[in-house]
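Reading through the structure tokens given below for one structure.
Protein chains: 2
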Amino acid sequence: MEPRISIVTIATDDLHRAVRFYEAMGLKRHAGITEGVAFFQMGGVILGLFPRKDAEADSGIAFAGAPSAVYLAYNTRSEAEVDEVLAAAEKAGGRIVKPAGRAFWGGWYGYFADADGHVWEVAHNPAFPIDADGNIALPPDTGP
Amino acid sequence: MEPRISIVTIATDDLHRAVRFYEAMGLKRHAGITEGVAFFQMGGVILGLFPRKDAEADSGIAFAGAPSAVYLAYNTRSEAEVDEVLAAAEKAGGRIVKPAGRAFWGGWYGYFADADGHVWEVAHNPAFPIDADGNIALPPDTGP
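Okay, structure coming up:
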């Protein structure tokens, strides 16, 4: 396994509601592949929204409910952007799960739930730099 | 919200078991940040393993169980690599949820569950090219 995650799929209970939420967050849905699925190019990763019943039929898996124990983080370029993204999520039909506050690791962060109730952490962490393309990096690994 | 996912965190029921699984899959744990958490640099994204109780204490969220409705896909460079990754997952202590087979969209794919029971799709999809750095791309968006 090479070190990559290619696609993050949300098995959604309501595809149209989920699409509306993520479009309202400012993401651009791929306009070419829209039949029963929604894709968003997220830098070098793809976010997929796929109806739960179709995901379960395809995989034979009965997925657990929300909030998913596999959860996502959106890291920001500033502390102010944390507040902005949380406010945008609420406006888009999400829910603030934990308002922005100071983290024990020094940053500024909060959590929102999307239209299905799945959770994103929104965090400004200066120790994990973000490049111009949006890629995030752990600190240089100097070992234990 | 810019189009990126910074961190994918698995709220794990057993941090050491989860670390062993992902290390056995060939991923390299960050050796500098290891206190109660594990991080893996996955191209421009970070995979985090965080004990469920700590994730719940930090966020105030009671996460659902496995298999998570937010699930991951690892896309491969060849069909043979799908079989290899599924075999590696089984050897690492995971479980084959759906053996490799032909997809309705033409590719070759299957699913495994990690040590916590969370699911990865493993897929070869020639329509979604992967570059040398492991970034995946949707087809050019020529619209509907």
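Residue numbers (my numbering), protein chains in the order written: chain A, 11 to 154; chain B, 11 to 154.
Even for Gly, the Cβ is constructed at its ideal location relative to N, Cα and C.
Straight-line CA distance for residue i to residue j?
{"i": "Glu131 of chain B", "j": "Pro61 of chain A", "result": "16 Å"}
{"i": "Ala142 of chain B", "j": "Thr22 of chain A", "result": "31 Å"}
{"i": "Asp126 of chain B", "j": "Phe31 of chain B", "result": "9 Å"}
{"i": "Ala113 of chain A", "j": "Ser88 of chain A", "result": "14 Å"}
{"i": "Asp64 of chain B", "j": "Asp24 of chain B", "result": "11 Å"}
{"i": "Val95 of chain B", "j": "Gly58 of chain B", "result": "20 Å"}
{"i": "Glu91 of chain B", "j": "Ala97 of chain A", "result": "42 Å"}
{"i": "Glu33 of chain B", "j": "Pro139 of chain A", "result": "24 Å"}
{"i": "Leu148 of chain A", "j": "Arg105 of chain A", "result": "29 Å"}
{"i": "Ala102 of chain A", "j": "Met11 of chain B", "result": "12 Å"}
{"i": "Gly144 of chain B", "j": "Gly144 of chain A", "result": "15 Å"}
{"i": "Thr86 of chain B", "j": "Arg39 of chain A", "result": "23 Å"}
{"i": "Tyr119 of chain B", "j": "Asp93 of chain B", "result": "8 Å"}
{"i": "Glu45 of chain A", "j": "Glu45 of chain B", "result": "44 Å"}
Can you find a C-beta in chain A that's less than 8 Å from the C-beta of residue i?
{"i": "Ser88 of chain B", "result": "no"}
{"i": "Ala67 of chain B", "result": "no"}
{"i": "Glu33 of chain B", "result": "no"}
{"i": "Gly36 of chain B", "result": "yes"}
{"i": "Ile106 of chain B", "result": "no"}
{"i": "Leu57 of chain B", "result": "yes"}
{"i": "Leu148 of chain B", "result": "yes"}
{"i": "Glu12 of chain B", "result": "yes"}
{"i": "Phe75 of chain B", "result": "Here residue 75 of chain B is Gly; the residue named in the question, Phe, does not match the sequence. Gly75 of chain B counts as touching chain A."}
{"i": "Ala177 of chain B", "result": "In this structure chain B extends from 11 to 154, so residue 177 of chain B is not present and cannot be described."}
{"i": "Arg30 of chain B", "result": "no"}
Should residue i be counted as a contact of the ligand ATP given a C-beta to heavy atom distance under 7 Å?
{"i": "Leu96 of chain A", "result": "Ligands in the displayed structure: none, and consequently the ligand ATP is not present."}
Would a C-beta distance cut-off of 8 Å place residue i and residue j closer than the cut-off?
{"i": "Ser69 of chain A", "j": "Tyr84 of chain B", "result": "no"}
{"i": "Val29 of chain B", "j": "Ile20 of chain A", "result": "no"}
{"i": "Gly54 of chain B", "j": "Ile17 of chain A", "result": "no"}
{"i": "Phe50 of chain B", "j": "Leu37 of chain B", "result": "yes"}
{"i": "Ala76 of chain B", "j": "Pro77 of chain A", "result": "no"}
{"i": "Ala123 of chain B", "j": "Gly153 of chain A", "result": "no"}
{"i": "Met35 of chain B", "j": "Ala110 of chain B", "result": "no"}
{"i": "Ile15 of chain B", "j": "Leu82 of chain A", "result": "yes"}
Whose CA, out of the options, lies closest to the CA of residue i?
{"i": "Ala133 of chain B", "options": "B:Arg14, B:Gly42, B:Gly117 and B:Glu45", "result": "B:Gly117"}
{"i": "Val107 of chain B", "options": "A:Ala72, A:Pro13, A:Ala110 and A:Leu148", "result": "A:Ala72"}
{"i": "Val129 of chain A", "options": "B:Val47, B:Glu66 and B:Glu12", "result": "B:Glu66"}
{"i": "Arg27 of chain B", "options": "B:Ile15, B:Met11, B:Val47 and B:Ile43", "result": "B:Val47"}
{"i": "Asn135 of chain A", "options": "B:Gly144, B:Tyr119 and B:Ile56", "result": "B:Ile56"}
{"i": "Ala137 of chain B", "options": "B:Tyr119, B:Trp115 and B:Gly144", "result": "B:Trp115"}
Just confirm the distance between the C-beta atoms of residue i and residue j, as a whole number of angstroms; I'd bet it's less than 8 Å.
{"i": "Met52 of chain B", "j": "Pro13 of chain A", "result": "5 Å"}
Using a C-beta cutoff of 8 Å, does residue i count as contacting chain B?
{"i": "His236 of chain A", "result": "Only positions 11 to 154 of chain A appear in this structure, which leaves residue 236 of chain A out of reach."}
{"i": "Gly144 of chain A", "result": "yes"}
{"i": "Val47 of chain A", "result": "no"}
{"i": "Phe122 of chain A", "result": "no"}
{"i": "Leu82 of chain A", "result": "yes"}
{"i": "Ala110 of chain A", "result": "no"}
{"i": "Gly117 of chain A", "result": "no"}
{"i": "Gly54 of chain A", "result": "yes"}
{"i": "Gly42 of chain A", "result": "yes"}
{"i": "Pro154 of chain A", "result": "yes"}
{"i": "Asp64 of chain A", "result": "no"}
{"i": "His26 of chain A", "result": "no"}
{"i": "Val95 of chain A", "result": "yes"}
{"i": "Gly70 of chain A", "result": "yes"}
{"i": "Val92 of chain A", "result": "no"}
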